[in-house]
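In my numbering, the protein residues as written are 14 to 103.
Shown next as structure tokens:
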């Protein structure tokens, strides 16, 4: 298991991006959370297997139909708290 803190830049707010991310997390069996940031970016805290996280990152880069992702930054976390679900936080 790994934990990634992912920062997503681009047109990612107001386009259903967080719901898309949550759906992809369920598909890939990833726990964690997603939230909008005041600067227009989206942050994702994701815990899962390496292969699941790589597939998840690819889906996040593609985004939902009306989004436009310009940059995805992954910070691998050395320590994390296990979570049992994936939530949209505010």
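Just so you know, even glycine gets a beta-carbon here, dropped at the ideal spot from N, CA and C.
With DSSP run on the structure shown, which of helix, strand or coil describes residue 78?
Looking up residue 78 in the chain shown gives position 65. Three-state result, residue 78: coil.
Member of 21, 28 and 18 whose CA lies at the smallest distance from the CA of residue 79
Position 66 of the chain shown, counted from the start, is the residue given in the question as residue 79. Of 21, 28 and 18, the residue nearest in Cα terms is 28.
Local conformation of residue 47 per DSSP, three classes
Reading the chain shown from its first residue, position 34 is the one you call residue 47. Strand, per DSSP.
Option nearest residue 103 by Cα separation, candidates 16, 36, 51 and 59
By 1-based counting over the chain shown, the position of residue 103 is 90. Among 16, 36, 51 and 59, the Cα nearest to that of residue 103 belongs to 51.
So the candidates are 86, 98, 99 and 97; which of them puts its Cα closest to the Cα of residue 19?
Residue 19 sits at position 6 when you count from the first residue of the chain shown. Nearest of 86, 98, 99 and 97 to residue 19, Cα basis: 86.
Determine the extent of the beta strand (DSSP E) in which residue 56 is found, giving its start and end residues.
As a working note, residue 56 is residue 43 in the chain shown. It spans 55-61 - the beta strand (DSSP E) in which residue 56 sits, taken as one unbroken run.
For residue 39 and residue 84, what's the separation of their Cα atoms in angstroms?
Here the question's residue 39 lines up with position 26 in the chain shown. Here the question's residue 84 lines up with position 71 in the chain shown. In a straight line, the C-alpha of residue 39 is about 23 angstroms away from that of residue 84.
Is DSSP giving residue 40 helix, strand or coil here?
Counted from its first residue, the chain shown places residue 40 at position 27. If DSSP states are grouped into helix, strand and coil, residue 40 belongs with the helices.
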